[in-house]
Structures are given as structure tokens and as C-alpha cells.
Amino acid sequence: MSVENVRQFFKKYHLENRIVEHENIGDTVEHAAELLKCEIKQIAKSMTFIVAENPILIVLAGDKKVDNRKFKSTYNSRPKMIPFDQVADRIGHIPGAVTPFAIKSDVKVYLDVSLKRFETVFAAGGSTNSTIELSIDELENYAHPLDWVDVGKD
């Protein structure tokens with residue numbers, strides 16, 4: 001999948017023009033924050049895991065890491081990240097461009113409560129140089145999460 005897939009995804013909501021393609025790469029939260037001139041915590045960081053043989057995607061605030069204990073309590077499983085070379089096949093986007101939009105149909109999406117402290121966040125747009133700014137309500141509406149979770153830590 002790519003920025004064009006994400007643009008097509010947002011077309012049905014008339015938001016495709018909110019995807020911004022940048023000259024520079026924002027493949028990490030640090031690079032994205034520098035590129036967007038915002039704080040790291042305002043980047044919607046998408047992390048991918050395998051739980052019971054199935055791919056899941058958790059979106060956290062950019063300043064958070066996954067807390068192993070909270071993860072295990074929430075999913076009854078230790079966190080097992082999808083290997084770098086399998087992310088595109090399992091999720092539908094390459095590492096550094098993972099977003100909860102235009103993903104493979106078997107991927108379950110969860111939003112971490114760490115995002116709720118912001119009015120808007122910046123998510124990847126399907127490529128390492130594209131982003132979309134969304135309100136938290138928009139993120140929830142368009143990402144179609146199964147639930148809000150609390151798995152983040154400082």
C-alpha cells in the first residue's frame with residue numbers, strides 16, 4: 001500500500017487533500033516531529049505486533065513506549081513485534097510509513113489513551129514522507145479501532 005492507497009481511503013470522507021507529502025523523510029517520530037515542527041508527543045506512532053498469530057496495530061503518542069506488563073494484561077500475551085521485513089506483508093505499509101488507514105483487513109487497530117491529551121495529532125500518510133493531521137475524534141472515526149487501550153509508558 002502507499003500514500004495513494006491512503007489518499008483513496010480518505011477520498012470517501014473528502015479528506016484526501018489533507019494528506020501532505022513532504023520533501024524530507026519522516027520515518028521516525030523524531031524525524032516527523034522535526035519535519036512538522038511539532039513536539040514528538042504529537043506524532044501518532046503506529047506500532048505493530050502479533051497476538052495469537054494475528055496482526056494488531058496500536059497507535060500511541062510519539063513520546064510513549066509500550067509497557068510490557070500493561071500489554072500482557074490487555075492482550076494476555078507478551079508483546080511480539082512484527083519483524084521489520086514482514087511489516088509490509090502483514091500490515092500493508094512499509095516500516096516508517098505505517099498508519100492505521102488503508103491497512104489489510106485482518107489487522108486489528110487499537111488507540112492508546114496517551115493520545116487523548118491532544119486536540120490533534122499527526123499520523124503517517126502511507127509513505128515515509130507523508131502525513132495527515134487529524135483531531136482525536138477524526139482519528140477514532142477513521143482508524144476504526146476495536147478499543148481504546150492503556151499500554152503506554154514514558
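Numbering-wise (UniProt numbering), the sequence shown opens with residue 1 and increments by one. All residues carry an ideal CB built from backbone N, CA and C; glycine is no exception.
Does the beta-carbon distance from residue 101 to residue 42 come in below 8 Å? no
From residue 73 to residue 149, what distance separates their C-alpha atoms? 11 Å
Of the choices 70, 46, 151 and 97, whose alpha-carbon is the least far from that of residue 126? 97
Given 8 Å, three or more beta-carbon pairs between the segment 74-87 and the segment 132-142: no
To which residues does DSSP link residue 70 through a beta bridge? Its beta-bridge partners do not exist; DSSP assigns none.
Pick out the complete beta strand (DSSP E) segments inside the segment 44-98, 3 residues or longer, and give them in chain order. 44-51 and 54-61
Ignore the nearest five residues each way along the sequence and tell me which others in residue 29's own chain have a CB closer than 7 Å to its CB. 40, 43, 45 and 62
Classify residue 105 as buried or exposed, calling it buried when 16 or more other Cβ atoms lie within 10 Å of its own Cβ. exposed
Are the beta-carbon atoms of residue 6 and residue 48 separated by less than 8 Å? no
Can the beta-carbon of residue 109 be found closer than 8 Å to that of residue 60? no
Quick check: what's the CA-CA separation for residue 55 versus residue 153? 21 Å
Residues in the same chain with beta-carbon distance under 7 Å from residue 99, minus the five sequence neighbours each way, listed in chain order, please. 6, 46, 93, 123, 124, 125 and 126
May I ask which residues mark the beginning and end of the alpha helix (DSSP H) holding residue 111? Segment 108-112 is the beta strand (DSSP E) holding residue 111; no alpha helix (DSSP H) there.
Inter-residue spacing [alpha-carbon to alpha-carbon] between residue 10 and residue 77: 33 Å
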